[in-house]
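Everything on this sheet refers to the single structure shown next.
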Amino acid sequence: MDKKGMKGWLYLLPAILFLGFFLVYPLIDVLIYSFEEGYNFASQTYYGVGLYNYSYVLHDPYFLQALRNTFILVVVTVPLSTALALLISAGLSSFRPLRSLYQTVYFLPYVTNTLAVGLVFMILFRKTPYTDGFVNRILGWIGAGPIDFIDGSYPAKMFVLCLYTIWVVMPFKILVLTSALASVNQEYYNAAKVDGTSRFRIFARITLPMISPTLVYLIITGFIGAFKAYSDAVALFGTNLNTAEMNTIVGYVYDMLYGSSGGYPSYASAAAILLFVIVLTITCVNLMVSRKHLHYGV
Amino acid sequence: MVFDMEKQIDFEKIGRSDRVRRIILKTVVCAGLTFWALVVLFPFYWMVLTSVKSYSAYNSEYIPKLFTLSPTLQNYREAFTAVPLAGYFINTVIFAVVTVALMLVVTVLAAFAFARLNFPGKHLAFTLFLSLMMIPNELVVITNYVTITNLGLRNTFTGLILPSVTSVFYIYLLKENFEQVPDQLYYAAKVDGTSDLKYLRKVLVPVCKPTIVTITILKAVECWNSYVWPRLVTDDEAYFLVSNGIQEIRENGFGRENIPAMMAAVVVISVPLIVLFVLFRGAIMAGVSRGGTKG
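Quick note, the sequences are listed as chains X and Y, same order. Just so you know, we're using our numbering here: the first sequence kicks off at 1 and counts up by one. Just so you know, we're using our numbering here: the second sequence kicks off at 1001 and counts up by one.
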C-alpha cells in the first residue's frame, strides 16, 4: 500500500479500534456466549454447546413476565404517542401565536434525566399511609377512589409506566412531525382551498399522505425504542423490577448480568439475542406493511 | 388575478356561522395545546415546589398543596451534605467532558478520512461502518461488561468512558457535512502546501462548526442521562454519576424518606441540561430532528 493509502487508514484507526473493541468483538462474543452451556463466570469455563440457554430463558417466568410487559408497553405507547404527537403538531401548525414558546416547552422532557423526572412521577402517583398523592387528589374530585399506582395492582402500575413512557417520547415525535408538516408544499393547500375542500378532507387526503414517510419512520423508531424500555421502569419502580412485576426484556438482560440475581452472562446473551430477533422481525414487518400502504415514496 | 378571486370567494363565504366555527376550532386547538404544555410542565413545577417545602410541612400535608407560603432552601443544603451529590455531579461532568472530547477527535478524524481522503477499501469500510449503526447497545453491553471487569477497570473513569466514546451515527453526520465543503478549498490548501491535519483544523472544523456543536451537545445530553452502563461498571459510590446517584438516593436515601430533599437533588441534576437547552435551543432541536435517537 502506498503512502497515501496508509494515511486514510491512519485517520480511521482510532474509530476502528474503538468500534472493533467495543462493538464488533462484543457482537460476535455475545453470540458465542449465548450458545455456551453452563458458563461459569469465575473460572470462565463451560461444558457444552447448544440451545440450553435459550430454552432456559424462554421457560423462565421472569422472562415471560418481562416479555408480556414489554409487549403491552409497545402496543399501548407507540400508537398512542404517535397519534397524540400528530394531533399536537397539526394544532401547532395551525396556531400561530406562541408557537415557538409551545415548541420549546414540548421539547423539555427530551433534555431531562429520565431517572430524575421519573422520581417526580412516582411521587405524584404514589399513595402512602401519609398521603394519597397528587393524582389521587384529582381522582377524588371526580369521585374515583384512591389507587396506589406504584405498589398497587398490575393494571395501575402498567398505566403509570405507559403514561411516563409517552411523556418521555413525545418531544422527539412532536419535533419531527412539526418539521414534516411545515415542509408540505403550501400550493397543495391553496389548490384544495380554491376547490372548497373541507378541513378534515384536506388533512386526510393531502397532509397525511404527504407526511406518511415521516410517520412510518416515527412508528419504526418508536417500536425499536419501546422494545428497549428499561430506565423508565427503574425510575418509577426501583431497581428490583422482578419483584414489582414490572421488568422489561432489557431489564431482564441486565438483571441476569449483574445485581443480586446476576452472574449469568450466557442467559443474558440469549435474552439479548432474542430481543434483537424480535425487534428485527417487527421492523421488517413494519417496513413491508408500510411499503404496501404508502401513498408517497420513501 | 388569482388572489383577487380567492378573496372574493372568501368574502362571500365567510358567513356568520363560518366565523363562529373558526373561533370554536381555534379555541379548542389553543386549549389542547395549553393542556399538553401543562402536562409537560407540571412535573417540573412539582419538583421545584416540593424541593422548597420543609420536611415537616411536606409530611403534614395529607392532601398535597399546590403552593407553599414558607419556602426554604434547607433541602438543598441537605442534598449537598447528607449525600455526596456534589461528588456525583463532578463525576458526571468529568465523564461527559472526557467522553465528548474523545468522541470529537475520533469522529472528526474518521469523518475526514471518509469525506476527503482516497484510500483502497474506503467504500467497503464505509458500508461496514454504516451497518454497525444497526447494532443495539443492549447486545454489546454484556461483553463490554465482562471485558471491563476482566481488565480490572470496574470503578474507574477509564472503564466508564472507553465503551461510551464512539457513535457511528455522528461520524456519518459529520462526513455528510464535510462533503458539502467545496473541493476547491482543499486543493487550494494543498497547493499552498498545507498539511491535511492543518487543513482539517483551520478550515474544515471551523466551517462545519454548527454540526460539531450539535453532535457535542447531543453526546453531552446522552452522557448526562446515561444510566445503564455506569450502573453495571460502578458499585463504588465515589464513581457514581448523577443517574446512579439519584437511584441510590431513592433507595437508601437520607436515612429517612425525605422527599423534599430528594426533589432538591432532582432539581440540581435537571438544571444543567435545561440551562444548556435554553442556551443552545436552535442547535439542539435542529440536531435532534436530524438524528435524535431517544424515544
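Glycine is no exception: its CB is placed at the ideal position from the N, C-alpha and C atoms. Just so it is clear, the structure is predicted and the values come from calculations on it, not from any experiment.
Any C-beta of chain Y under 9 angstroms from that of residue i
| i | result |
| --- | --- |
| phenylalanine 35 of chain X | no |
| arginine 201 of chain X | no |
| phenylalanine 22 of chain X | yes |
| phenylalanine 121 of chain X | yes |
| threonine 300 of chain X | Since the displayed chain X opens at 1 and closes at 298, residue 300 of chain X lies outside it and no answer follows. |
| lysine 157 of chain X | no |
| valine 279 of chain X | yes |
| serine 257 of chain X | As written in the sequence, residue 257 of chain X is leucine, which differs from the serine given in the question. Output row for leucine 257 of chain X: interface = yes. |
| glycine 133 of chain X | yes |
| tyrosine 254 of chain X | yes |
| glutamine 103 of chain X | yes |
| glycine 91 of chain X | yes |
| valine 298 of chain X | In this prediction, valine 298 of chain X has a pLDDT of 39, which is less than 50 and means its spatial position is unreliable; what the coordinates show is noted afterwards. For valine 298 of chain X, the answer is no, since every Cβ of chain Y falls outside 9 angstroms of its Cβ. |
| lysine 228 of chain X | yes |
| aspartate 151 of chain X | no |
| arginine 137 of chain X | yes |
| leucine 87 of chain X | yes |
| proline 146 of chain X | no |
is_contact[residue i, chain X] using C-beta, thresh 9 angstroms
| i | result |
| --- | --- |
| glycine 1121 of chain Y | yes |
| asparagine 1091 of chain Y | no |
| glutamate 1251 of chain Y | yes |
| leucine 1132 of chain Y | yes |
| glutamate 1176 of chain Y | no |
| proline 1206 of chain Y | no |
| alanine 1037 of chain Y | yes |
| alanine 1082 of chain Y | no |
| aspartate 1018 of chain Y | no |
| aspartate 1196 of chain Y | yes |
| glycine 1032 of chain Y | yes |
| methionine 1001 of chain Y | Residue placement at methionine 1001 of chain Y is flagged as unreliable, the pLDDT there being 44, under the threshold of 50; a coordinate-derived value is accordingly withheld. |
| isoleucine 1284 of chain Y | yes |
| phenylalanine 1044 of chain Y | yes |
| valine 1181 of chain Y | no |
| proline 1053 of chain Y | The sequence shown places lysine at residue 1053 of chain Y, not proline. Output row for lysine 1053 of chain Y: interface = no. |
Residue i and residue j closer than 9 angstroms at C-beta
| i | j | result |
| --- | --- | --- |
| leucine 306 of chain X | leucine 1232 of chain Y | The structure shown does not extend to residue 306 of chain X, since chain X is modelled only from 1 through 298, so no value can be given for it. |
| phenylalanine 223 of chain X | valine 78 of chain X | yes |
| glycine 133 of chain X | arginine 1250 of chain Y | no |
| phenylalanine 1157 of chain Y | phenylalanine 1114 of chain Y | no |
| serine 183 of chain X | serine 290 of chain X | no |
| serine 1270 of chain Y | methionine 1047 of chain Y | yes |
| valine 1100 of chain Y | alanine 1188 of chain Y | no |
| threonine 1166 of chain Y | phenylalanine 18 of chain X | yes |
| isoleucine 1212 of chain Y | valine 1205 of chain Y | yes |
| leucine 1279 of chain Y | proline 14 of chain X | no |
| valine 1140 of chain Y | leucine 23 of chain X | yes |
| asparagine 185 of chain X | methionine 210 of chain X | yes |
| leucine 1185 of chain Y | isoleucine 1284 of chain Y | no |
| glycine 5 of chain X | phenylalanine 1119 of chain Y | yes |
| valine 1040 of chain Y | valine 105 of chain X | yes |
| phenylalanine 1129 of chain Y | isoleucine 1171 of chain Y | yes |
| glycine 251 of chain X | leucine 241 of chain X | yes |
| proline 1084 of chain Y | alanine 1238 of chain Y | yes |
| valine 49 of chain X | phenylalanine 35 of chain X | yes |
| tyrosine 11 of chain X | leucine 1117 of chain Y | yes |
| phenylalanine 1080 of chain Y | valine 1268 of chain Y | yes |
| leucine 51 of chain X | leucine 1033 of chain Y | no |
| valine 30 of chain X | isoleucine 273 of chain X | yes |
Identified DSSP bridge partners for residue i
| i | result |
| --- | --- |
| valine 49 of chain X | X:Glu36 |
Supposed close pair residue i, residue j - CB separation, criterion 8 angstroms
| i | j | result |
| --- | --- | --- |
| valine 120 of chain X | valine 1266 of chain Y | 6 angstroms |
| aspartate 232 of chain X | leucine 161 of chain X | 7 angstroms |
| serine 1243 of chain Y | asparagine 113 of chain X | 6 angstroms |
| isoleucine 1063 of chain Y | arginine 99 of chain X | That pair is no contact at about 37 angstroms. |
| serine 260 of chain X | leucine 177 of chain X | Between leucine 177 of chain X and serine 260 of chain X the Cβ distance is about 42 angstroms, and since that is not below 8 angstroms, they are no contact. |
| isoleucine 166 of chain X | leucine 80 of chain X | 6 angstroms |
| phenylalanine 1254 of chain Y | cysteine 1208 of chain Y | The Cβ separation is near 47 angstroms, so there is no contact. |
| valine 279 of chain X | phenylalanine 227 of chain X | 5 angstroms |
| isoleucine 1246 of chain Y | alanine 116 of chain X | 5 angstroms |
| alanine 1286 of chain Y | tyrosine 102 of chain X | Wrong, their Cβ atoms sit about 17 angstroms apart, outside the cutoff. |
| tryptophan 1224 of chain Y | threonine 1107 of chain Y | Not a contact, Cβ separation roughly 19 angstroms. |
- alpha helix (DSSP H) segments (min. 4 residues) lying fully within the region 1127 to 1167 of chain Y: 1137 to 1150, 1157 to 1161
- Please go through the region 1009 to 1059 of chain Y and give each complete beta strand (DSSP E) segment of 3 or more residues, from N-terminal end onward. none
- Message: Threshold first: 4 residues or longer. Then list the alpha helix (DSSP H) segments lying entirely within the region 191 to 225 of chain X, N to C.
- Response: 199 to 202
- Run through the region 1167 to 1222 of chain Y for me and flag every whole alpha helix (DSSP H) of 4 or more residues, listed as ranges in chain order. 1168 to 1179, 1183 to 1191, 1196 to 1199
- Hey, which unbroken runs of the beta strand (DSSP E) at 3 residues or more fall wholly within the region 102 to 147 of chain X? none
- Ignoring anything shorter than 4 residues or poking outside the region 65 to 96 of chain X, list the alpha helix (DSSP H) runs there in chain order. none
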